[in-house]
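Participant: The structure follows.
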Amino acid sequence: MQSRSVTGSAESGADPAAVVAVLADPPRIPAWAPGFADAVTGDEASGWRVTKDGQDFTVRVVANPDARTVDYLREVAPGRVGGAYLRAIPRPGGGSVVIMTLPVPPGADAADVADVAATLHDELAALVRLAEGA
Numbered sequence: 221m222q223s224r225s226v227t228g229s230a231e232s233g234a235d236p237a238a239v240v241a242v243l244a245d246p247p248r249i250p251a252w253a254p255g256f257a258d259a260v261t262g263d264e265a266s267g268w269r270v271t272k273d274g275q276d277f278t279v280r281v282v283a284n285p286d287a288r289t290v291d292y293l294r295e296v297a298p299g300r301v302g303g304a305y306l307r308a309i310p311r312p313g314g315g316s317v318v319i320m321t322l323p324v325p326p327g328a329d330a331a332d333v334a335d336v337a338a339t340l341h342d343e344l345a346a347l348v349r350l351a352e353g354a
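Heads up, the sequence shown is in this note's numbering, so the first residue is 221 and it goes up one at a time.
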């Protein structure tokens with residue numbers, strides 16, 4: 221079966237609310253996900269614009285602090301929305317576990333899936349550092 225997504229997790233000493241606060245602030249995305257965004261501009265009212273390698277696209281950020289979820293959604297094909305899905309859950313003994321699911325491009329081979337998994341690992345590590353204030 222061909223992979224359509226890659227999911228990973230990382231533990232953090234940061235409270236889940238602190239993780240969600242970073243995730244729900246789109247201009248901070250380039251600090252922890254530079255493979256996705258070079259810059260993020262806009263606001264909730266007018267919408268978020270992501271710039272990556274000179275290309276612009278719109279992202280809808282759906283944050284639910286009570287559920288500790290943040291989703292970054294965009295049109296990936298006409299009439300089809302997809303994106304990254306992030307969760308911050310309490311870690312036993314304090315802190316949080318951050319879970320992220322990223323899409324895999326259609327027709328991806330094993331090397332492509334491995335690249336997405338490596339990106340996910342790097343992004344989670346950077347996100348944890350940012351949430352912990354490092």
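Note that beta-carbon positions come from the ideal geometry of N, C-alpha and C, so glycine has one too.
(1) Determine, using beta-carbon pairs with one atom in the stretch 233-246 and one in the stretch 329-345, whether at least three such pairs fall under 8 Å.
(2) Rounded to the nearest angstrom, what separates alanine 253 and leucine 322 at their Cα positions?
(3) Just how far apart, CA to CA, sit glycine 327 and valine 226?
(4) Check arginine 349 in the structure and name its three-state DSSP category.
(5) Where valine 324 and glycine 233 are concerned, what is the direct C-alpha to C-alpha distance, given to the nearest angstrom?
(6) By the three-class DSSP mapping on this structure, what secondary structure does aspartate 332 have?
(7) On the CB-based measure, 16 or more other CB atoms within 10 Å of its CB, does glycine 267 come out buried or exposed?
(8) Could you spell out where the alpha helix (DSSP H) holding valine 242 opens and where it closes?
(9) Mind checking isoleucine 249: buried by the 16 CB within 10 Å criterion, or exposed?
(10) For asparagine 284, tell me which candidate among Pro298, Asp273 and Tyr305 has the shortest Cα-Cα distance.
(11) Near phenylalanine 277, which residues of its chain fall below 7 Å by C-beta distance, leaving aside the five closest residues on each side in sequence?
(12) What are the complete beta strand (DSSP E) segments, minimum 3 residues, inside the stretch 270-349?
(13) Given a threshold of 16 other Cβ atoms within 10 Å of its Cβ, counted over all protein chains shown, does alanine 265 qualify as buried or as exposed?
Facilitator: By the coordinates alone:
(1) The count of Cβ pairs closer than 8 Å, one atom from the stretch 233-246 and one from the stretch 329-345, stays below three, leaving the stretches out of contact.
(2) 12 Å
(3) Their backbone Cα atoms lie some 14 Å apart in a straight line.
(4) helix
(5) So the alpha carbons of these two residues sit roughly 29 Å apart.
(6) helix
(7) exposed
(8) 236-243
(9) buried
(10) Nearest neighbour of asparagine 284 by Cα position, chosen from Pro298, Asp273 and Tyr305, turns out to be Tyr305.
(11) By the criterion of a C-beta distance shorter than 7 Å, phenylalanine 277 is surrounded in its chain by Val270 and Arg294, once the five residues flanking it on both sides are discounted.
(12) Within the stretch 270-349, the beta strand (DSSP E) runs of at least 3 residues that lie entirely inside it are, in chain order, 275-284, 289-297, 300-310 and 316-323.
(13) exposed
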